[in-house]
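S.K.: Mapping to the numbering used here: the sequence shown position 22 is 22, numbers consecutive.
All C-beta atoms in this analysis are idealised placements derived from N, C-alpha and C, irrespective of residue type, glycine included.
Treat the numbers as computed from the prediction; the structure is a model and nothing was measured.
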Amino acid sequence: MEDHMGWGMKNRLSKLISPKDGKAVWLAIDHGYFLGPISKLEEPGKTVKELIPYTDALMLTRGVLRNCIDATIDTPFILRVSGGNSIVGPALSNEGIQTCMEEAIRLNASAVAYSIYVGTEHEHQTLLDLGKLVDEGERYGMPVLAVTAVGKELEKRDARFLGLSSRIAAELGARMVKTYYCDEFEKVVKGCPVPIVIAGGPKLNTELDALTLTADAIRRGASGVDMGRNIWQSHNALGMIRAIRSIVHEGASVKAAAKYLKGK
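1) Take every Cβ of the region 142-150, pair it with every Cβ of the region 169-181, and state whether three or more of those distances are shorter than 8 Å.
2) Find the nearest neighbour of Asp158 within the set Glu184, Met240 and Val81, judged by alpha-carbon distance.
3) How about Gly119 and Phe161: are their beta carbons less than 9 Å apart?
4) How would you call Lys156, buried or exposed, if buried means at least 16 neighbouring beta carbons within 10 angstroms?
5) Which residues does DSSP pair with Leu142 in a beta bridge?
6) Quick one: grab the DSSP three-state call for Leu211.
7) Tell me, please, whether the region 91-104 touches the region 66-74 by the rule of three or more beta-carbon pairs shorter than 8 Å.
8) Less than 9 Å between the beta carbons of Ser93 and Tyr114, yes or no?
9) Looking at the strands, I want to know which residues DSSP matches up with Ala104.
10) Terminal residues of the continuous beta strand (DSSP E) containing Lys46?
11) Given this structure, state the Cα-to-Cα distance separating Arg219 from Ser253, to the nearest angstrom.
12) For Leu265, which residues in the same chain have their Cβ closer than 7 Å to its Cβ, ignoring the five residues on either side in sequence?
13) What span of residues does the alpha helix (DSSP H) with Ile116 cover, start to end?
14) Starting from Arg80, trace the beta strand (DSSP E) both ways and give me its first and last residue.
As structure tokens, then:
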């Protein structure tokens, strides 16, 4: 079979999803691009300082990267390149490309992330923008992570909708997809020919809920997690990321992983 993936693309992907086990633990701190300074993420540099050694990649915007993250860092990052919307604006789905591919390369990103809003008034625009981004990414060896966003309508998170959104993202050329976990998640995975990582979503009631979500997603075929609030809004963020990591990379049970949460 002809190799359709260049060296740069392969190298970048290998930094994000471990070639050893095909799994990933990413730490999302890009929330401020539409939510502003939310709780525990007022100072992103301080929030992630002790967590960085335990994540496979950070997901963030260029502004936070430049101002809050040390340039000597070894950890790769996924650059959030979509924006143009806010939580107080008329439509969360009204998003476009706000960071060019040249900037992603200049900053040495390992991938770029873009949100698509299937089933909204801005479906067409966000899908076409994804296609443009993929064209540029393929030209330069930069993987595109498509994020299946649901705006404010969390009830859309079922297997049918997420399966539709994830498959469309893959069809348009995304190398990876970030989506939500749902009942019958294995159907979403089966219908998507590229790796899927799950979002943690809004803060869950307990740490154990987040660990269970992670374990269930991995068991049903997810390639990993891209979590934010359920890690850094935890009362023990360091214990939380270590617990998540043990489930994803070591196959630990929820009970075994929970030991990391004790003692703080």
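M.R.: So, from the data block:
1) yes
2) Glu184
3) yes
4) buried
5) According to the sequence provided, residue 142 is Met. The question's Leu does not apply to it. Looking at the DSSP assignment, Met142 forms no beta bridge with any residue, so it has no partner.
6) helix
7) no
8) no
9) In the DSSP output, where bridge partners are listed per residue, Ala104 has none listed.
10) Not the beta strand (DSSP E): Lys46 falls in the alpha helix (DSSP H), residues Pro44 to Val48.
11) 11 Å
12) Because residue 265 is not part of the residues shown, which for the chain are 1 to 264, the question remains open.
13) Looking at the DSSP string, Ile116 is not in any alpha helix (DSSP H); the run it does join, the beta strand (DSSP E), is Ala111 to Ile116.
14) Phe77 to Arg80
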